[in-house]
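Visitor: In full-length UniProt numbering, the protein residues as written are 1 to 230. Below you will find the structure I want to go over with you.
Structure representation (structure tokens):
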């Protein structure tokens, strides 16, 4: 946006509401509508850029349905002077009327090599020391989510004296790989359905997330599966 509007004008042309801002129905009506209906001045910008303002709503999937409905009405009313950029993690949580009024762009997860270089850069700037293997563990656990990786790294630095693989597993509330492999071994060796259910019950009694367990089990099974012959 700064590059598009220029350093002199972009602050008056762009309003961003992120997850830390209040974005209930009242906030949408007051903040968003007030900004959207402001008069547009030329401000010496090129005609194609001087016609509109931009409102950016980050993590819009955390907005209530009422707030999204209010946003829809504002979009309809001020579309001639305001453009809306709606960013979300889960598109299924955005109401259909907003879907139909937007062009959709899906972005791939960050590649492991790029993520590694950025995390190394952050560690160097912040003077963070990680044990061997911790960086790969962080990349593995964050699954391409750069913001998640940075947040978890920051948490680990503040909570633990040493940032290693075990501390990252604790921060992510992930299931230790040894535990997951142990469950998989028990299930494979089980002779009856009751034995399988017993192994699962014992595992869940440890307090692990069922969703997390399933994700890691699927990954282990996929890694163990031999490649199909063509």
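By construction, the Cβ of each residue, glycine as well, lies at the ideal position given by its N, Cα and C atoms.
Is residue 28 helix, strand or coil when you go by DSSP?
Guide: As a position in the chain shown, residue 28 is number 28, starting the count at 1. Residue 28: helix per DSSP, three-state reduction.
Visitor: Under three-state DSSP, which class holds residue 1?
Guide: Position 1 of the chain shown, counted from the first residue, corresponds to residue 1. Of the three classes helix, strand and coil, the one that applies to residue 1 here is coil, per DSSP.
Visitor: Applying the 10 Å Cβ sphere with the 16-neighbour rule, what's the burial state of residue 103?
Guide: Residue 103 sits at position 103 when you count from the first residue of the chain shown. Classification for residue 103: exposed.
Visitor: Less than 7 Å separating the beta-carbons of residue 172 and residue 152?
Guide: Position 172 of the chain shown, counted from the start, is the residue given in the question as residue 172. Position 152 of the chain shown, counted from the start, is the residue given in the question as residue 152. Result yes, Cβ atoms of residue 172 and residue 152 sit closer than 7 Å.
Visitor: Residue 183: buried (16+ other C-beta within 10 angstroms of its C-beta) or exposed?
Guide: Translated into the one-based positions of the chain shown, residue 183 becomes position 183. Under this definition residue 183 is a buried residue.
Visitor: Would you mind listing the alpha helix (DSSP H) stretches within the segment 165-216 that are 4+ residues and don't spill past its ends, in chain order?
Guide: You should have 165-172, 177-189 and 193-204.
Visitor: Measure the C-alpha to C-alpha separation of residue 69 and residue 98 and round it to an integer number of angstroms.
Guide: Along the chain shown, one-based indexing puts residue 69 at 69. Along the chain shown, one-based indexing puts residue 98 at 98. Going from the Cα of residue 69 to the Cα of residue 98 covers about 8 Å.
Visitor: Determine contact between the segment 78-98 and the segment 55-62, defined as no fewer than three beta-carbon pairs at a distance below 8 Å.
Guide: Contact between the segment 78-98 and the segment 55-62 is present, because at least three Cβ pairs lie under 8 Å.
Visitor: Starting from the C-beta of residue 203, find all residues in its chain whose C-beta is less than 6 Å away, skip the five residues before and the five after it, and write them out in chain order.
Guide: For the purposes of this step, residue 203 is identified with residue 203 of the chain shown, where counting begins at 1. These residues qualify, in order along the chain: 183.
Visitor: Can you tell which of 125, 139 and 132 has its C-alpha closest to the C-alpha of residue 111?
Guide: Taking the first residue of the chain shown as 1, we reach residue 111 at position 111. Out of 125, 139 and 132, 139 has the C-alpha closest to the C-alpha of residue 111.
Visitor: Grab me the residues of residue 148's own chain with a C-beta within less than 7 Å of its C-beta, minus the 5 sequence neighbours each way, in chain order.
Guide: Residue mapping note: residue 148 aligns to position 148 of the chain shown, counting from 1. Hits under 7 Å: 142.
Visitor: Tell me, please, which residues DSSP counts as bridged to residue 53.
Guide: The residue labelled residue 53 in the question sits at position 53 within the chain shown. BP columns for residue 53 point to 82.
Visitor: Count the other CB atoms within 10 Å of the CB of residue 115; is the residue buried (16 or more) or exposed (fewer)?
Guide: Looking up residue 115 in the chain shown gives position 115. Buried, since its Cβ has 16 or more Cβ neighbours within 10 Å.
Visitor: Cβ atoms of residue 216 and residue 175: under 7 Å apart, would you say?
Guide: Taking the first residue of the chain shown as position 1, residue 175 is located at position 175. Taking the first residue of the chain shown as position 1, residue 216 is located at position 216. Yes.
Visitor: Of the choices 120, 125, 126 and 193, whose alpha-carbon is the least far from that of residue 133?
Guide: Counting from 1 along the chain shown, the entry for residue 133 is found at position 133. Selected option, being the one with the closest Cα: 120.
Visitor: Tell me whether the beta-carbon of residue 67 lies closer than 7 Å to the beta-carbon of residue 6.
Guide: Within the chain shown, the letter at position 67 stands for residue 67. Within the chain shown, the letter at position 6 stands for residue 6. No, Cβ-Cβ distance for residue 67 and residue 6 is not below 7 Å.
Visitor: Per DSSP, residue 96 forms a beta bridge with which residues?
Guide: Taking the chain shown and counting its residues from 1, the one referred to as residue 96 is at position 96. Residue 96 is not bridged to any residue.
Visitor: Exposed or buried, which one is residue 185 when buried takes at least 16 other CB atoms within 10 Å?
Guide: Along the chain shown, read from residue 1 onward, the residue named residue 185 stands at position 185. It is exposed - the Cβ of residue 185 has fewer than 16 other Cβ atoms within 10 Å.
Visitor: Look at the Cβ atom of residue 15, then the Cβ atom of residue 74, and state whether they are nearer than 7 Å.
Guide: Within the chain shown, residue 15 is the residue found at index 15, counting from 1. Within the chain shown, residue 74 is the residue found at index 74, counting from 1. Not closer than 7 Å, so no.
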